[in-house]
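Heads up, the thing below is written out as structure tokens.
Numbering (this note's numbering), first residue to last: 10 to 331.
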């Protein structure tokens, strides 16, 4: 199975980017950026990118540049200053792309069959530097429909329902059907379970699929995901936007420990807001304030605002610096 990532979400329209932009860097938002020169050639303005703030990398601020070709690059403040174009942005495609992303980061649909499409999707939902291996895995998942390595097991769901009172919200929505025994464990926890009839592909986790389910009257207080860590960074923010209370997703421990800069920045930002916790569900469920042994399963808790369900708030604790 893997571990559980648990998000608290009091508003379906909550901001997807938990890190705020410093006021001092606002003046560089939206500037036109030239590509880095190669060899002895000079930089040109024939292909421009548009800069947007992407948070911190360590102690340094970084910017994301989206070029009119769809390529995405992460640069430091000094690199950005050296490559600012002498004219206003003229790359209309890039401007239109980031404008849509800023207004509706998870509006979709995402094109996940090419490296370009995957890079654009990641730039919209989790800005920053992503490992090339993750981009490649997402392309593979988009083309072949690979969503998970191991299915959800009934015993894992049983431990989860003992540790977190999911039954107090009454319903769990899953984009695709789980093993019947695993779903029965949710029902035993006083939950009704709704799922879409589609196969376990990335289409079932696309923004338009969640929107259609909601328009069909499907309640989404808790959304349950069963996906591999390679596709988590695209799917999880979409589910987070639509969930009324929480998103619970099965992921391996490696989603946290060797996370790439973009994912790690996201986790640290949520942690700084006291919305990230660890729950040990090994021999007996108990809250723990630090990282555990490698063979221990974890529940990662991300909270936002005041919970309307007090029993869910019992899971909220602080976590030392990652």
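Idealized CB from N, CA, C, for every residue including glycine. These numbers come from a predicted model, not from an experiment.
First through last residue of the alpha helix (DSSP H) which encompasses residue i
i, result
"residue 237", "Where residue 237 is concerned, there is no enclosing alpha helix (DSSP H), given that its DSSP letter is neither H nor E."
"residue 148", "141–153"
"residue 137", "Counting along the chain, residue 137 falls outside any alpha helix (DSSP H), and DSSP gives it neither H nor E."
"residue 92", "Where residue 92 is concerned, there is no enclosing alpha helix (DSSP H), given that its DSSP letter is neither H nor E."
"residue 217", "216–224"
Cβ-based burial, residue i [other Cβ within 10 Å; buried from 16]
i, result
"residue 97", "Unreliable positioning characterises residue 97 in this predicted model, as indicated by a pLDDT of 46, which lies under 50. The coordinate reading is nonetheless provided below. Looking at its Cβ environment, which holds fewer than 16 other Cβ atoms inside 10 Å, residue 97 is exposed."
"residue 196", "exposed"
"residue 148", "buried"
"residue 92", "buried"
"residue 217", "exposed"
"residue 105", "At residue 105 the pLDDT is 44, less than 50, meaning the model places this residue with poor confidence and gives no usable figure here."
"residue 237", "buried"
"residue 225", "exposed"
"residue 200", "buried"
"residue 87", "exposed"
"residue 233", "buried"
"residue 137", "buried"
"residue 151", "buried"
"residue 82", "buried"
"residue 123", "exposed"
"residue 160", "exposed"
Residue i - partner residues in DSSP beta bridges
i, result
"residue 271", "Answer is none; residue 271 lacks a bridge partner."
"residue 73", "61, 83"
"residue 180", "201"
"residue 41", "59"
"residue 166", "The partner list for residue 166 (beta bridge, DSSP) is empty, contrary to what the question assumes."
"residue 277", "Residue 277 is not bridged to any residue."
"residue 196", "DSSP lists no partner for residue 196."
"residue 66", "69"
Contact belief for residue i with residue j at Cβ below 8 Å, rounded distance in angstroms
i, j, result
"residue 89", "residue 59", "Not quite, the Cβ-Cβ distance comes to about 11 Å (not below 8 Å), so this is no contact."
"residue 69", "residue 85", "6 Å"
"residue 214", "residue 229", "About 13 Å; that fails the 8 Å criterion."
"residue 64", "residue 71", "7 Å"
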